[in-house]
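These notes are about the structure you will find just below.
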């Protein structure tokens, strides 16, 4: 939409993400805010389990992020971290749709696994 | 809960922060390598972006390069980045004005390409409105 509004001939997604310190801190806060305990292990309220295909590379990155975030009293699971990342991404939908389209076109045939998020 | 910090509260911020940065790249040479004074364009960019985000910042000149694919030449020049963190409603209101500024910049300073960056995407403008 912005490309059309500006009359741009081309739009190029730039590398970004939670691999820089400020991005990771913000993600950790979002996960902490989202997880709430109703007596047992903190979970994501109103979330339902659904199957989403995820590559091994992405799953490893998410698992590492969950490990980095963990400290006394706060142990998010990789699936919970992935779920919050997806929620943040949906909030930034226009830019993400473009990047997702580029990634999907480029990644046909990559090895995927299905994980349940919730 | 462990890990939860509201930075706005801690800092005593007056309003919710904006995470969406809009950056304009102001060149200093035309596509033939002829220099021009970018000062007025930087001033206009600061005014325009301030109307969108409440304030704007112009960075010190950076070394820039642009590859002219048609002529197979590399234009080396000083580039000034001017950015703001947008108010989404104000950006929507000012979109036409932003377009007019960028196209005028490209047309009047003889640019092969004018770029701006928003939400992690670089927009390249090559065909300018008349």
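Protein chains in written order, with full-length UniProt numbering: chain A, 1 to 118; chain B, 1 to 130. Beta carbons are placed, not taken as given, at the ideal position from N, Cα and C, and that holds for glycine. Fair warning: this is a prediction, and the values are worked out from it, not measured in the lab.
For the alpha helix (DSSP H) holding residue 44/B, just list the boundary residues, first then last.
Counting along the chain, the alpha helix (DSSP H) containing residue 44/B begins and ends at 39-53.
Taking 9 Å as the threshold (beta carbon to beta carbon), is residue 71/B in contact with chain A?
No, because no Cβ of chain A sits closer than 9 Å to the Cβ of residue 71/B.
Who are the near neighbours of residue 87/B in its chain, counting only those whose CB is closer than 8 Å to its CB and skipping five residues on each side?
The answer, listed in chain order, is 18, 52, 53, 54.
Restricting to Cα atoms, I'd like to know which of 35/A, 80/A, 61/A, 14/A is closest to residue 49/A.
The candidate whose alpha carbon is nearest that of residue 49/A is 80/A.
Could you confirm whether any beta carbon from chain D is found closer than 9 Å to the beta carbon of residue 78/A?
Although the question refers to chain D, the structure presented lacks it and instead comprises the protein chains A and B.
Please report whether the beta-carbon of residue 105/B lies at a distance below 9 Å from any beta-carbon of chain A.
Chain A contact via Cβ: absent.
What is the C-beta distance between residue 11/A and residue 47/A, in whole angstroms, given that I count them as a contact (C-beta under 8 Å)?
The Cβ separation is near 33 Å, so there is no contact.
With a threshold of 16 other CB atoms inside 10 Å of the CB of residue 52/A, please say whether the residue is buried or exposed.
Residue 52/A should be labelled exposed.
What would DSSP say about residue 20/B, mapped onto helix, strand or coil?
Note: residue 20/B maps to coil in three-state DSSP.
Buried or exposed for residue 72/B, please, with buried defined as at least 16 other CB atoms from any protein chain shown within 10 angstroms of its CB.
Residue 72/B should be labelled exposed.
If you measure from the beta carbon of residue 96/B to each beta carbon in chain A, is any gap under 9 Å?
Chain A, which has a Cβ nearer than 9 Å to the Cβ of residue 96/B, makes this yes.
Would you call the segment 90-106 of chain B in contact with the segment 1-10 of chain A, where contact means no fewer than 3 C-beta pairs closer than 8 Å?
Yes, the segment 90-106 of chain B touches the segment 1-10 of chain A.
Return the Cβ separation of residue 26/B and residue 75/B in integer angstroms, given the expectation that the two are a contact with Cβ distance under 8 Å.
The pair is not a contact, with the Cβ atoms about 14 Å apart (cut-off 8 Å).
Quick check on residue 76/A: does DSSP put it in helix, strand or coil?
DSSP places residue 76/A in coil when its eight states are reduced to three.
Just checking my contact of residue 62/A with residue 78/A at CB under 8 Å: how many whole Å lie between their CB atoms?
Indeed they touch by this definition, with Cβ atoms about 5 Å apart.
Applying a beta-carbon distance threshold of less than 8 Å, which residues of chain B neighbour residue 62/A?
Near residue 62/A there are no residues of chain B at all, since even the closest Cβ is about 17 Å away, more than 8 Å.
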